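**Student:** I have a structure here, written as structure tokens, and I will follow up with some questions on it.
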Amino acid sequence: MSPSAYCGPGTMFIDYAMRYTSSNRVDNDRDGNYGARGTVNQDIVDRFLSTHDYAVHTPPLSIAIEMFGQHEAQSLVDDCLYLGMSDTDTVATITRVTSENIVIQYRRLMKTFFPDQKDIEMFVCGEGAKNMNIIDHLEEALPEVLTKPLDDIGIPDCAKDSVRCAQLGLETILRHALSEGKAEAEEQKNMLGNIVKGNNWGNTQQQIVHFSGGMELPPVRRVIVEDEQ
Numbered sequence: 001m002s003p004s005a006y007c008g009p010g011t012m013f014i015d016y017a018m019r020y021t022s023s024n025r026v027d028n029d030r031d032g033n034y035g036a037r038g039t040v041n042q043d044i045v046d047r048f049l050s051t052h053d054y055a056v057h058t059p060p061l062s063i064a065i066e067m068f069g070q071h072e073a074q075s076l077v078d079d080c081l082y083l084g085m086s087d088t089d090t091v092a093t094i095t096r097v098t099s100e101n102i103v104i105q106y107r108r109l110m111k112t113f114f115p116d117q118k119d120i121e122m123f124v125c126g127e128g129a130k131n132m133n134i135i136d137h138l139e140e141a142l143p144e145v146l147t148k149p150l151d152d153i154g155i156p157d158c159a160k161d162s163v164r165c166a167q168l169g170l171e172t173i174l175r176h177a178l179s180e181g182k183a184e185a186e187e188q189k190n191m192l193g194n195i196v197k198g199n200n201w202g203n204t205q206q207q208i209v210h211f212s213g214g215m216e217l218p219p220v221r222r223v224i225v226e227d228e229q
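Under our numbering, think of the first position of the sequence shown as 1, with each following residue one higher.
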């Protein structure tokens, strides 16, 4: 399932617009220069974000991929074509949909979970992090936030999924090793993943319990990725 199923359209709309306007010769606006040459149609941006469920409601844990499928991207392109907008204006407008959605979701989540947080750093990754048209808008719309690439904290952009899986795997296996004696319902409630026990599971479990000192460890808060030469 695409990451857009969890965190919004990302650059999917931009990529679609680039393929459409270039007759499939170009599939992305990697540095954002193409969209930066255009003029944003704010009416289209506001209408999409005000009517799209993801932008006005708290999203569930799992959102169908169809929510951000090609039909949504084509609908945005059609709105631009109907108004006779140029290719660069179309890409600029759709890029603003992406960046403004990030701003909206950021403010909603901060208000909900960290209303009093100060000195905020926001780390960006993925294709959108290379699009300066997106980054420039984030910095303009959120001047109180320091926007940085994920690489600044030692996690290469290309390794983010691997690091995330490793972190979740560590948390899952720690909780599993220390929760086997509990009621199944309680164990399942806290489980972050599934473990298929191999022949060496007993030895692995002993190492985990020894590592944790028999105590339930808190979730991982800091991850450092070292590049082995």
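Every residue, glycine too, gets a C-beta built ideally from N, C-alpha and C.
The model shown is predicted, which means the values in this text are computed figures rather than measured ones.
Inspect the beta-carbon positions of CYS125 and ASP78 and report whether they are closer than 8 Å.
**Tutor:** Not in contact: CYS125 and ASP78 (Cβ atoms no closer than 8 Å).
**Student:** DSSP state of MET122, grouped into three classes?
**Tutor:** strand
**Student:** Between GLY84, ALA73, THR93, GLU100, which lies nearest to GLN34 when the distance is taken from Cα to Cα?
**Tutor:** It should be noted that the sequence gives Tyr, not Gln, for residue 34. Residue THR93 is the option with its Cα nearest to TYR34.
**Student:** Are the beta-carbon atoms belonging to LEU138 and ILE173 less than 8 Å from one another?
**Tutor:** no
**Student:** For LEU142, which of helix, strand or coil comes out of DSSP?
**Tutor:** In the three-state DSSP reduction, LEU142 falls in the coil class, being neither helix nor strand.
**Student:** Considering only C-alpha positions, which residue in the set MET215, GLY38, GLU144, SER23 is nearest to ASN133?
**Tutor:** Ranking the options by Cα distance to ASN133, first place goes to GLY38.
**Student:** With a Cβ-Cβ cutoff of 8 Å, do CYS80 and ASN28 count as a contact?
**Tutor:** no
**Student:** Please report the distance separating the alpha-carbon of LYS148 from that of ILE155.
**Tutor:** 12 Å
**Student:** In three-state DSSP terms, what is THR88?
**Tutor:** helix
**Student:** Over the uninterrupted alpha helix (DSSP H) stretch that includes THR204, give me the two end residues.
**Tutor:** For THR204, the enclosing alpha helix (DSSP H) begins and ends at 201-212.
**Student:** Going straight from the alpha carbon of VAL44 to that of GLU171, what length do you get?
**Tutor:** The residue asked about is misnamed: residue 44 is Ile in this sequence, not Val. The C-alpha of ILE44 lies about 43 Å from the C-alpha of GLU171.
**Student:** On a CA-only basis, which of TYR16, THR88, GLU100 is nearest SER50? Give me that one, please.
**Tutor:** Looking at TYR16, THR88, GLU100, the one whose alpha-carbon comes closest to that of SER50 is GLU100.
**Student:** Please work out which residues of its chain come closer than 7 Å, Cβ to Cβ, to ALA141, disregarding the five sequence neighbours upstream and downstream, and give them in chain order.
**Tutor:** VAL103
**Student:** Name the two residues that bound the continuous alpha helix (DSSP H) containing HIS71.
**Tutor:** It spans 70-82 - the alpha helix (DSSP H) in which HIS71 sits, taken as one unbroken run.
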